[in-house]
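Participant: Numbering (this note's numbering), first residue to last: 247 to 438.
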Amino acid sequence: RVNLNSIITKYIEQESNHGVLALFDSSSEDYRFTFTAKDSQITESGFETKSTDAKRFTYVFGSNETCRTATARFYNLAEKKDSITINDVEDAFSVEKLNKEFFDEYKKQYEKFVCFLTGKRFLKKAGKWEETIEHEPHEYMNSIFQNNDKKARDFIKKSLGRMVFLYFLQKKEWLGCPVSRNDWKNGDLKFM
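1) State the CB to CB distance for the pair residue 279 and residue 305, rounded to an integer number of angstroms; the pair is presumed to be in contact (CB under 8 Å).
2) Of all the options 333, 315, 367, 330, which has the alpha carbon lying nearest to the alpha carbon of residue 345?
3) Going along the chain, which residues of its own chain have a beta-carbon closer than 6 Å to the beta-carbon of residue 383, five neighbours each way excluded?
4) Mapping DSSP to helix, strand and coil, what is residue 377?
5) What did DSSP end up calling residue 265 once you bin it into helix, strand or coil?
6) On the CB-based measure, 16 or more other CB atoms within 10 Å of its CB, does residue 282 come out buried or exposed?
7) Quick check: what's the CA-CA separation for residue 325 versus residue 348?
8) Which of the three DSSP states is assigned to residue 395 in this structure?
9) Which of helix, strand or coil does DSSP assign to residue 369?
10) To the nearest angstrom, how far is the alpha carbon of residue 397 from that of residue 328?
11) My guess is that residue 359 and residue 402 are in contact by the Cβ rule of under 8 Å, so how many angstroms apart are they, rounded?
12) Can you tell me which of 323, 276, 406 puts its alpha carbon nearest to the alpha carbon of residue 354?
13) Any idea what DSSP makes of residue 348, helix, strand or coil?
14) In the DSSP assignment, find the unbroken alpha helix (DSSP H) run with residue 317 in it and report its ends.
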């Protein structure tokens, strides 16, 4: 990633090109789409140049990758085509926004799973969280969780956490790695 960033940054200068969108193809199934930008400003200590982090402003595409987030981000940029700014492009690649989207989606899935098992949902009304009954609890609430909502929620947290961890291992190509390899490479990106 450092090498990719150094290749890109030589095309950025403050007069005409504040940022560069680059596509890197390594002749594999996956390819990398990166945004790099430089911003200069005068501070108390003098003239400073800030560059984006190539690691944090990259999408990986290909047959082994999902591209729902990137597609949504690029669609939003296309919607602004007449008034797009470099800040809009930075936002489209921002990891902080991706993390917020991930955790918002994670929370939604958690809440749906809790409701599926317990039959209950918490809704915020007038600044307070209120429990509402959506349906009868699943039969597992009695047989497995002894009608203890906390046990069910803890199980769901642990299960979702393990799924995310397994997805991380898969992304690193560590799952389904050939036994003959001791460098933990070339695992199955669709193992799960």
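Even for Gly, the Cβ is constructed at its ideal location relative to N, Cα and C.
Facilitator: Concretely, from the data shown:
1) Residue 279 to residue 305, Cβ: 5 Å. Contact.
2) The option with the nearest alpha carbon to residue 345 is 315.
3) So the list reads 364, 365, once near-sequence residues are dropped.
4) The answer is strand: DSSP assigns residue 377 an E or B state.
5) The answer is strand: DSSP assigns residue 265 an E or B state.
6) Within a 10 Å sphere around the beta-carbon of residue 282 sit 16 or more other beta-carbons, which makes this residue buried.
7) If you draw a straight line from the Cα of residue 325 to the Cα of residue 348, it comes to about 22 Å.
8) In this structure, DSSP gives residue 395 a helical state, which the three-state scheme calls helix.
9) In the displayed model, residue 369 falls within a strand according to three-state DSSP.
10) Looking at the backbone, the Cα of residue 397 and that of residue 328 are separated by about 52 Å.
11) Rounded, the Cβ-Cβ distance is 5 Å, consistent with contact.
12) Checking every option, the nearest Cα to that of residue 354 belongs to 406.
13) If DSSP states are grouped into helix, strand and coil, residue 348 belongs with the helices.
14) Start and end: 314–325.
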